[in-house]
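Student: Okay, so the sequence shown: first residue is 19 according to our numbering, each after it adds one. Note that the Cβ used here is the ideal one computed from N, Cα and C, for glycine as well. The structure displayed is predicted, hence computed values, not measured ones. Dropping the structure in here first, questions after.
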Amino acid sequence: MGLCSSLLLLYLVLVCFVNDVLSGRTSSFTRSEWPSTDIPLDNEAFVVPEGYNAPQQVHITQGDYDGKAVLISWVTESEPGTSEVWYGTVGHEFEHKAEGKNTNYTFYNYKSGYIHHCLVDGLEYNTKYYYRIGTGAAAREFWFQTPPEIDPDAPYIFGIIGDLGQTFNSLSTLKHYMQTGGQTVLFVGDLSYADRYEYNDGVRWDSWGRLIEKSAAYQPWIWTAGNHDIDFRPDLGEVSTFKPYMHRFATPYVASKSSSPLWYAVRRASAHIIVLSSYSPFVKYTPQWYWLRGELKRVNREKTPWLIVLMHVPLYNSNEAHYMEGEAMRAVFESWFVHYKVDIVFAGHVHAYERSYRVSNINYNITSGNRYPVPDKSAPVYITVGDGGNQEGLAARFSKLQPDYSAYREASYGHSTLELKNRTHALYHWNRNDDGKHVPTDHIIFHNQYWASNRRRRSLKKHRKFPGHASLIAKYEEELFPVLA
Ligand SMILES: [Fe+2]
């Protein structure tokens, strides 16, 4: 390499360093393609499957702690019908049967269909299963792929979607996600926005179920509850909380010793995923607080190196929308996230995208200590991806001065993907919906918070547990920063 090219390379490295490390970026891109109105109910996006009492709104989620079970859910409109799932590993041949249950609910003047939940367990890892639900001519067939066995180097691709709603922007987000090869969705709350309708119209919960079926019938969506899922309407006599949400979206909370479907954990491939509820008590001595304290102790980074937390309200957010709303939970849980070296905290709620640097604000105790978030290598990266495309539109007003903790922010619609490559590295993208095309925008290589420590890296090298390490990193960096290659 000549002197000129060496100097050019050095310059580019320095420019990247300055851009990426010393200051954040606020993107000026704010365009949205479609108006923020919901798709009409008679649109094909909400098509009702043919046949009497045909299963609709089919969706699956992980059914146990370690990924050897799925919970399959669907709705039948006219009568309960059967809650059986027939399944097997050969297409159209369904040799096994699981028996589920059905339920329904009323919400003011809305009466739901029959909501079926069926646990299919004892599955093999890394296997494609076909399943059939419903009966006769109205029976429907789908498939899903089980994850690899829990293993620190098991590669896996997660999609992250939040605040989806049911506009054409929502549909665009969903379709773009489906092109990515993502294997499981981490959904960070605010599903249907049915509560934007008079009497929180349950019909819009049904249409949302049909909208997401094209993805959610074939791969697990890991559910987190948001404020639009609370459905608290004492004026209508509806005084319980999360009634439609909890009837429709089952979670495997018992498997992680949780006492509520609203907070729980699953392990999948090389990830330990913890789901929290921003709208349930979380202060000291509450059930959620006790549960999280115990669950963090159960995390074994030797088996699942990637520790990911999902919640609805972001703890770090420099948008004017929902500013400071995560502060109470931050005060309670942030020190644990730092202590346990959480890799990433994903949240939604704010209808824009924002990624933080690794920062913490745990030294301030009201009377002393630094009052500002400071760089902290043990802290998670906080990512807000509440930009799924719902009818409330974008949160376009960020604080004028971008805070030091904020690395990238942009008010447009999109979703994220997180590709876990092995125990040390993951590739992350935020993908903006740009005029109907899938446009990767923000990206970063994550170094695992547990295995990136010098001592563990040396130990890995010594034991040659990971021989392809150096060449793999070079390949990612070439892919991400082609200008340097
Ligand atoms: Fe929200």
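Go through the residues and name those whose CB comes closer than 5 angstroms to any heavy atom of ligand 1, in chain order.
Tutor: Going along the chain, the residues that qualify are D208, G244, N245 and H367.
Student: Would you call F47 buried or exposed, if buried means 16 or more other Cβ atoms sit within 10 Å of its Cβ?
Tutor: It is exposed - the Cβ of F47 has fewer than 16 other Cβ atoms within 10 Å.
Student: Is it buried or exposed, H367, if we count other Cβ atoms within 10 angstroms and call 16 or more buried?
Tutor: When all chains shown are included, H367 counts as buried.
Student: Using only CA atoms, which one of F250, L209 and H246 lies nearest to I230?
Tutor: The residue with the shortest Cα to Cα distance from I230 is L209.
Student: Per DSSP, what kind of secondary structure is N472 in: helix, strand or coil?
Tutor: N472: helix per DSSP, three-state reduction.
Student: Do the segment 138 to 152 and the segment 62 to 74 meet, that is, are 3 or more Cβ pairs less than 8 angstroms apart?
Tutor: Yes, the segment 138 to 152 touches the segment 62 to 74.
Student: Does S353 come out as helix, strand or coil in the three-state DSSP assignment?
Tutor: Correct three-state label for S353: helix.
Student: Any Cβ of chain B within less than 8 angstroms of the Cβ of R158?
Tutor: Protein chains in the displayed structure number just one, and chain B is not present.
Student: Grouping DSSP H, G and I as helix and E and B as strand, with all else coil, what is K193?
Tutor: Reduced to three states, the DSSP call for K193 is helix.
Student: Considering only the beta carbon of each residue, do G183 and G407 sit closer than 8 angstroms?
Tutor: Yes, Cβ-Cβ distance for G183 and G407 is below 8 angstroms.
Student: For the beta strand (DSSP E) containing I291, name the first residue and the last one.
Tutor: A289 to V293 is the span of the beta strand (DSSP E), which, as asked, contains I291.
Student: What do you reckon, are the CB atoms on Y132 and V103 nearer than 8 angstroms?
Tutor: For Y132 and V103, no; Cβs fall outside 8 angstroms.
Student: Return the chain-ordered ranges of every alpha helix (DSSP H) run that is complete within the segment 363 to 420 and spans a minimum of 4 residues.
Tutor: Segments of the alpha helix (DSSP H) lying fully in the segment 363 to 420: there are none.
Student: Quick check: what's the CA-CA separation for P165 versus N144?
Tutor: Distance between the alpha carbons of P165 and N144: 5 angstroms.
Student: Is the segment 419 to 439 close to the segment 190 to 210, with three or more CB pairs under 8 angstroms?
Tutor: Flag = yes, the segment 419 to 439 and the segment 190 to 210 touch.
Student: Between I179 and T191, is the Cβ-Cβ spacing less than 8 angstroms?
Tutor: Yes, they are a contact pair.
Student: Check whether the segment 213 to 222 and the segment 107 to 127 are in contact - that is, three or more C-beta pairs closer than 8 angstroms.
Tutor: Yes, the segment 213 to 222 touches the segment 107 to 127.
Student: Any idea what DSSP makes of P305, helix, strand or coil?
Tutor: Helix at P305.
Student: Quick check on the DSSP output: what are the complete alpha helix (DSSP H) runs of length 4 or more inside the segment 191 to 258, in order along the chain?
Tutor: Within the segment 191 to 258, the complete alpha helix (DSSP H) runs of at least 4 residues are 221 to 234.
Student: Looking only at DSSP bridge pairs, what is R285 linked to?
Tutor: R285 pairs with H290.
Student: Taking only three categories from DSSP, how would you classify D480?
Tutor: Correcting the residue type first, residue 480 is Lys in the shown sequence and not Asp. Residue state, collapsed to three classes: helix.
Student: Can you find the residues in the same chain that come closer than 7 angstroms, C-beta to C-beta, to Y282, ignoring five residues on each side of it along the sequence?
Tutor: T269, P270, Y271, S274, S276 and V293.
Student: For M347 versus L328, is the C-beta distance shorter than 8 angstroms?
Tutor: Cβ atoms of M347 and L328: not closer than 8 angstroms.
Student: Skipping 5 residues on each side, what residues in its chain have a beta carbon closer than 7 angstroms to that of R214?
Tutor: The answer, listed in chain order, is Q409.
Student: Out of K119, Q75, K115 and N335, point me to the one whose CA is closest to G140's CA.
Tutor: Comparing Cα positions, the closest option is K115.
Student: Is T79 buried or exposed, if buried means 16 or more other CB atoms sit within 10 Å of its CB?
Tutor: Buried: at least 16 other Cβ atoms inside 10 Å.
Student: Are the segment 307 to 319 and the segment 390 to 409 touching, with three or more C-beta to C-beta distances below 8 angstroms?
Tutor: At 8 angstroms Cβ cutoff, the stretches do not touch.
Student: In whole angstroms, what separates the C-alpha of P262 from that of N122?
Tutor: Using only the alpha carbons, I get a separation of about 9 angstroms.
Student: As an exercise, report each continuous beta strand (DSSP E) stretch of at least 3 residues that is fully enclosed by the segment 84 to 111, in chain order.
Tutor: DSSP runs (the beta strand (DSSP E)) wholly in the segment 84 to 111: 88 to 94 and 102 to 106.
Student: Comparing alpha-carbon positions, which option in H290, K439 and D452 lies nearest Y358?
Tutor: The candidate whose alpha carbon is nearest that of Y358 is H290.
Student: Kindly indicate which three-state DSSP category H330 falls into: helix, strand or coil?
Tutor: In this structure, H330 counts as coil in the three-state DSSP scheme.
Student: Applying the 10 Å Cβ sphere with the 16-neighbour rule, what's the burial state of R427?
Tutor: It counts as buried.
Student: Where in the segment 97 to 185 do unbroken runs of the beta strand (DSSP E), each at least 3 residues long, occur, reported from the N-terminal end onward?
Tutor: Counting only runs of 3 or more, we get 102 to 106, 114 to 117, 119 to 121, 132 to 138, 146 to 151, 158 to 163 and 174 to 179.
Student: Express the C-alpha separation of W161 and S295 in angstroms, rounding to a whole number.
Tutor: Between S295 and W161, the C-alpha separation is close to 30 angstroms.
Student: For L426, report the span of its beta strand (DSSP E) as first-last.
Tutor: In the sequence as presented, Leu is not what sits at residue 426; that position holds Tyr. Its beta strand (DSSP E) spans residues S424 to E428.
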